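For reference, the structure is listed below as structure tokens.
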Amino acid sequence: MEDPAREIEGVVRTLTMGSPDEQLLTLQRTYTRDAAFDHPLCRVLSGLESIIGIYTWYRILFPWTKMTVTDVAINDSRSRLVVDCTQTCTYFLPIRSATVRLVVVLTLTKEERGGKHVYKIRKQEDFYQPESILSFVIPGIFYFILILKHLATLTCNINAGIGHTLGLWKPKNRK
């Protein structure tokens, strides 16, 4: 990629919605051979072939994926690209689908190709909320996890009140 912030949406769409040949070519063109991949359900320490296998299985499992890139941010000094996406995945048996938010952090490396500087992806890290990733596996768990998160928030605030009463971690100028 010559301009990662501008080109990444097309890369994401091809990886998640393109044909098998487009997907393979995009992976080979945009990832380093020793690229790493970290996702809540799988991990590759080093190796493009394993990442190709993951994307292939992803497309077999979810052939009717719709991916929307909602925001892109680049940190040039750290060679990082952050991509905020919404994806709707429908299983190979189209009985149900799940729509989730995904934040992807891409670590880039600069290479020279044909006299031009291009960026390739050295590492991909996928971040989902717990209820999002589990909604792929267990239908209806989304709401149960949200209730648990609200109960955990309530518990934190009750315990904070007790801690304040006991003089633990109490700000002096809280209004």
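Position 146 of the sequence shown, counted from 1, bears residue number 174 in the numbering used here, the numbering being contiguous throughout.
Where is the CB? At the ideal position from N, CA and C, for every residue including glycine.
Small disclaimer: the values here were computed from a predicted structure and weren't measured.
Counting pairs of Cβ atoms below 8 angstroms between the region 90 to 101 and the region 112 to 126, do you hit three or more?
yes
Measure the alpha-carbon distance for T193 versus L174 and round it to whole angstroms.
29 angstroms
Are the CB atoms of T44 and M95 within a distance shorter than 7 angstroms?
yes
How far does the beta strand (DSSP E) with R71 in it extend, from its first residue to its last?
C70 to V72
Give the DSSP bridge partners of Q115, in chain order.
Beta-bridge pairing links Q115 to M95 and V128.
Suppose only complete runs of 4+ residues qualify. What are the alpha helix (DSSP H) ranges in the region 124 to 186, listed by chain order?
158 to 163
In whole angstroms, what separates the C-alpha of D154 from that of Y171?
22 angstroms
Who are the near neighbours of W197 in its chain, counting only those whose CB is closer than 7 angstroms to its CB and skipping five residues on each side?
G191
Once you ignore the five residues that flank I80 on each side, which residues in its own chain have a CB closer than 6 angstroms to its CB?
L55
So which of A63, G46 and F90 has the shortest CA-CA distance to T127?
When each option's Cα is compared against that of T127, the closest is F90.
Note down, in chain order, each residue of its chain lying with its Cβ closer than 8 angstroms to the Cβ of N185, except the 5 sequence neighbours on either side.
none
Could you check how far apart the C-beta atoms of T42 and E50 are, in whole angstroms? I think they sit under 8 angstroms.
5 angstroms
Do you know offhand how far D104's Cα is from L176's?
38 angstroms
What is the rounded straight-line gap between the Cα of V133 and the Cα of P199?
35 angstroms
Assuming L69 and I161 are in contact, meaning their beta carbons sit under 8 angstroms apart, how far apart are those beta carbons, in whole angstroms?
Contact flag correct, Cβ pair sits at about 7 angstroms.
Using the rule of at least 16 other Cβ atoms within 10 Å of the residue's Cβ for burial, across every protein chain shown, is L130 buried or exposed?
buried
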